[in-house]
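Just below is one structure, and these are the notes that go with it.
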Amino acid sequence: MAGTVSTDLAFFVGATGGSSSADSLTDWTGTGLAVDTVQFVQGTGSIYSYSAAASTTRYWNFACVSTNIQGKAIYFWFALGKVGWLNTKANGGVTFKVTDANGNWALWNVAGSDTLPHNGFICHCIHTSVPPDSQSATPPDLTRITSFEIRANGSFPGKAYLWVDAVRYGTYVQIKGGTSSTPATFEDIYVAESDVANRWGILDKVNGIYFVQGKILIGSTTSGEATYFKDTNQVVVFKYAIVPAGFYEIKI
4 MAGTVSTDLA FFVGATGGSS SADSLTDWTG TGLAVDTVQF VQGTGSIYSY SAAASTTRYW
64 NFACVSTNIQ GKAIYFWFAL GKVGWLNTKA NGGVTFKVTD ANGNWALWNV AGSDTLPHNG
124 FICHCIHTSV PPDSQSATPP DLTRITSFEI RANGSFPGKA YLWVDAVRYG TYVQIKGGTS
184 STPATFEDIY VAESDVANRW GILDKVNGIY FVQGKILIGS TTSGEATYFK DTNQVVVFKY
244 AIVPAGFYEI KI
C-alpha cells in the first residue's frame with residue numbers, strides 16, 4: 004500500500020463561523036471582494052478583489068477567533084492579472100499582517116514585482132518567528148491573534164482582478180505506512196498535495212523536481228505502526244521562504 008499523508012496545517016476559524024479556506028465571504032472584508040468558483044486552487048472557490056476604478060492598494064481581512072500562531076508558519080495562495088502591477092517586495096508589494104486582541108500588529112513583506120515568477124497562484128510561506136518588517140510599538144501576542152490581512156500595493160488599473168485562496172497555519176506534512184513491495188514515496192505526498200481538497204502548499208513538483216517549503220516527517224508516532232519509505236534518484240529543493248534558519252528538515 005502507498006504511504007498515508009497528513010499535515011498539521013489548519014484553517015483559521017472565523018469570528019462568526021467563517022473559514023480562511025476562502026470558499027465563502029463570511030468573516031472576510033476588503034476591496035471589492037467576491038467568491039470566484041472558476042479561478043481557485045483549493046476547495047470550491049477563492050476570493051477575488053475587483054475595482055472598476057484604478058487603485059493603489061487592495062486588501063483581504065479575515066476576523067478570526069483567538070488563534071495561537073506562535074512558532075507556526077502561515078501559508079496562503081495569491082494570484083493577480085499582472086506581476087508588474089505590484090510594488091517591489093521591499094516596498095510592500097504583497098504583505099501579510101496579523102493583529103492580536105489588543106490591536107497590536109506585525110507585518111511581513113512577502114513578495115513583489117521583483118520576486119514573483121508569474122501571475123498565477125503561488126503559495127507563500129511566512130514563519131512567525133522571523134522578525135516582521137514592521138510592527139506596532141507593543142508587539143502582538145502571537146498566542147491570541149484575532150485577525151490577519153493580506154494586502155497588495157502597487158498601481159492597479161481599473162477592472163483589475165487579484166485573488167487569495169486557502170490561508171492556513173502549521174509546520175509540516177507527514178507520511179507513514181508503505182511496505183517493501185509498495186514503499187511510501189515523495190510522490191505519495193505530491194499526490195495528496197494535488198488533491199483540490201488539500202493543496203497545502205508545502206510540497207510541489209515542477210519538471211520532476213520536488214520543491215518544499217515546510218518540514219517533512221517520515222514515520223508514525225503510534226507504537227507498533229511501521230513505515231517503509233524508499234525513494235531513489237529524486238531531487239528535493241527547499242524553497243526560499245520567510246522561515247528561520249534550521250526550520251527546514253526531513254525528519255525520520
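For what it's worth, this note's numbering labels the leading residue of the sequence shown as 4, then goes sequentially. Where is the CB? At the ideal position from N, CA and C, for every residue including glycine. Just so you know, these numbers come straight off a predicted model, no measurement behind them.
Can you round the beta-carbon distance between residue i and residue j to whole angstroms, since I take them to be within the 8 Å contact cut?
i, j, result
"Ala-56", "Gly-96", "Going by Cβ atoms, the distance from Ala-56 to Gly-96 rounds to 20 Å, so no, they are not a contact pair."
"Asn-122", "Val-86", "6 Å"
"Ala-187", "Phe-124", "With 8 Å as the limit, Ala-187 and Phe-124 do not qualify as a contact, their Cβ atoms being about 28 Å apart."
"Ser-69", "Arg-147", "5 Å"
"Asp-191", "Ile-178", "6 Å"
"Ile-77", "Thr-131", "7 Å"
"Ile-245", "Cys-128", "7 Å"
What first and last residue would you give for the alpha helix (DSSP H) that runs through residue i?
i, result
"Ala-195", "189-197"
Comparing the C-beta of residue i with each C-beta of chain C, is any distance below 8 Å?
i, result
"Ile-178", "Among the chains in the structure shown there is no chain C, since it carries only a single protein chain."
Restricting to Cα atoms, I'd like to know which of the options is closest to residue i.
i, options, result
"Ser-116", "Ile-219, Tyr-53, Gly-106 and Asn-94", "Asn-94"
"Gly-217", "Thr-225, Ala-200, Asn-236 and Glu-252", "Glu-252"
"Val-194", "Phe-43, Tyr-213 and Thr-182", "Tyr-213"
"Gly-227", "Gly-180, Pro-247 and Glu-152", "Gly-180"
"Ala-25", "Leu-12, Thr-40 and Asp-11", "Thr-40"
"Ala-104", "Gln-45, Ala-18 and Pro-134", "Ala-18"
"Thr-98", "Pro-143, Ala-13 and Ala-114", "Ala-114"
"Trp-108", "Ser-137, Leu-165, Thr-29 and Thr-230", "Ser-137"
Going by beta carbon distance, what residues of the same chain come within less than 8 Å of residue i, once the five residues before and after it are set aside?
i, result
"Tyr-62", "Gly-33, Thr-34, Ser-52, Glu-152, Ile-153, Arg-154 and Ala-155"
Where do the ends of the beta strand (DSSP E) carrying residue i lie?
i, result
"His-127", "125-130"
"Asn-71", "Looking at the DSSP string, Asn-71 is not in any beta strand (DSSP E), and its letter there is neither H nor E."
"Leu-110", "108-114"
"Arg-171", "163-173"
"Met-152", "The question names Met, but residue 152 is Glu in the sequence shown. Start and end: 148-159."
"Ala-37", "36-39"
Leaving out five residues before and five after residue i in sequence, what residues of the same chain have Cβ atoms less than 7 Å from its Cβ?
i, result
"Ser-9", "Gln-177"
"Trp-88", "Gly-157, Ser-158, Phe-159 and Ala-163"
So what does residue i bridge to, in DSSP terms?
i, result
"Ser-315", "As shown, the chain starts at 4 and ends at 255. That puts residue 315 outside it, with no answer to give."
Between residue i and the rest of its own chain, which residues show a CB-CB distance below 6 Å, the 5 nearest in sequence each way excluded?
i, result
"Lys-208", "Tyr-193"
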